[in-house]
Structure formats: structure tokens, C-alpha cells
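K.L.:
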Amino acid sequence: MKELQSVFQHAGGAGLQGRIRLDMSTGMARNVVVPRLPELLARHPGLELELSSTERRADVVREGFDCVLRTGAMVDTSLIARPLGDARLVNCASPAYLRQYGTRQSLGDLAQHRLCTS
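640 is the number of the first residue of the sequence shown in our numbering; add one for each residue after it.
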């Protein structure tokens with residue numbers, strides 16, 4: 640979120656105001672952005688955020704978003720992208736799961752197993 644605030648600050652200084660339409664994945668909204676919104680909005684009372692969270696790739700122009708936060712490679716090369724940070728992902732399994740289904744040897748092995756994501 641510090642990286643996101645830095646982007647906003649470079650865009651307009653300390654007195655940000657106006658509406659920004661922002662789309663992001665549900666996980667990013669829940670785990671990163673929403674918990675930090677009160678602080679951001681308190682620092683910038685003139686800022687109005689319209690948030691959308693979807694798992695699909697949004698059509699930024701057609702849907703009228705000002706900014707889209709996504710992880711991974713950029714698909715639409717007509718857009719301008721800026722890296723905001725790195726995310727680490729960890730695969731975990733309980734001992735009971737490993738006893739029942741065995742230890743995975745490669746990422747490809749996961750395609751045939753039960754997964755929970757957050």
C-alpha cells in the first residue's frame with residue numbers, strides 16, 4: 640500500500656482530491672487495500688474512491704477505470720503499467736493431507752489435487 644500511496648502522491652501531491660475508479664482482485668482488496676483505506680482517506684479527505692473487485696481482467700477503457708491493480712504479466716500492451724511491489728506465494732499442506740494424498744514434487748502435480756486459495 641505504501642507503493643500505491645506513493646503513486647497517488649506523485650500524481651498530485653499531498654492534497655489529493657476527486658474521484659478515482661479502481662479495480663483489483665478480491666484478494667488484493669480484502670488483504671491489502673481495504674484495511675488501509677481509513678488511513679488513506681483520513682490523509683486525503685477530498686479523495687473519493689470507487690472500488691471494484693473482480694477476478695477477471697477488466698477492460699480499463701470500456702469500463703471506465705482510472706487504475707487497475709493486478710498481479711502477473713500485463714496482457715494489454717496499450718496500457719501503461721508500473722510495478723508496485725513484489726508478492727510472495729507459499730503452498731502449504733497439513734500433515735494429514737500429505738499422509739492421505741502424498742507429497743507433491745512439482746507445481747504441475749498440484750493440478751490434480753485439492754487446493755484452497757485466499
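The beta carbon of each residue, even a glycine, is placed where N, CA and C say it ideally should be.
These numbers were taken from a predicted model, which means no experiment stands behind them.
Taking 8 Å as the threshold, find out whether the region 695 to 706 comes into contact with the region 669 to 682 through three or more Cβ pairs.
P.N.:
no
K.L.:
Going by the beta-carbon positions, is the gap between Glu-694 and Thr-665 smaller than 8 Å?
P.N.:
Indexing the sequence shown from 1 puts residue 694 at position 55. Indexing the sequence shown from 1 puts residue 665 at position 26. Contact: yes.
K.L.:
Out of Asp-662, Met-667 and Leu-655, point me to the one whose CA is closest to Leu-679's CA.
P.N.:
Numbered from 1 along the sequence shown, position 40 holds the residue referred to as residue 679. For the residues Asp-662, Met-667 and Leu-655, the minimum Cα distance to Leu-679 belongs to Leu-655.
K.L.:
Quick check on the DSSP output: what are the complete alpha helix (DSSP H) runs of length 4 or more inside the region 658 to 699, in order along the chain?
P.N.:
Listed in chain order, the complete alpha helix (DSSP H) runs (minimum 4 residues) inside the region 658 to 699 are 676 to 682.
K.L.:
How big is the Cα-Cα spacing for Glu-687 and Met-667?
P.N.:
On the sequence shown, residue 687 is found 48 positions in, with the first residue counted as 1. On the sequence shown, residue 667 is found 28 positions in, with the first residue counted as 1. One C-alpha to the other measures close to 19 Å.
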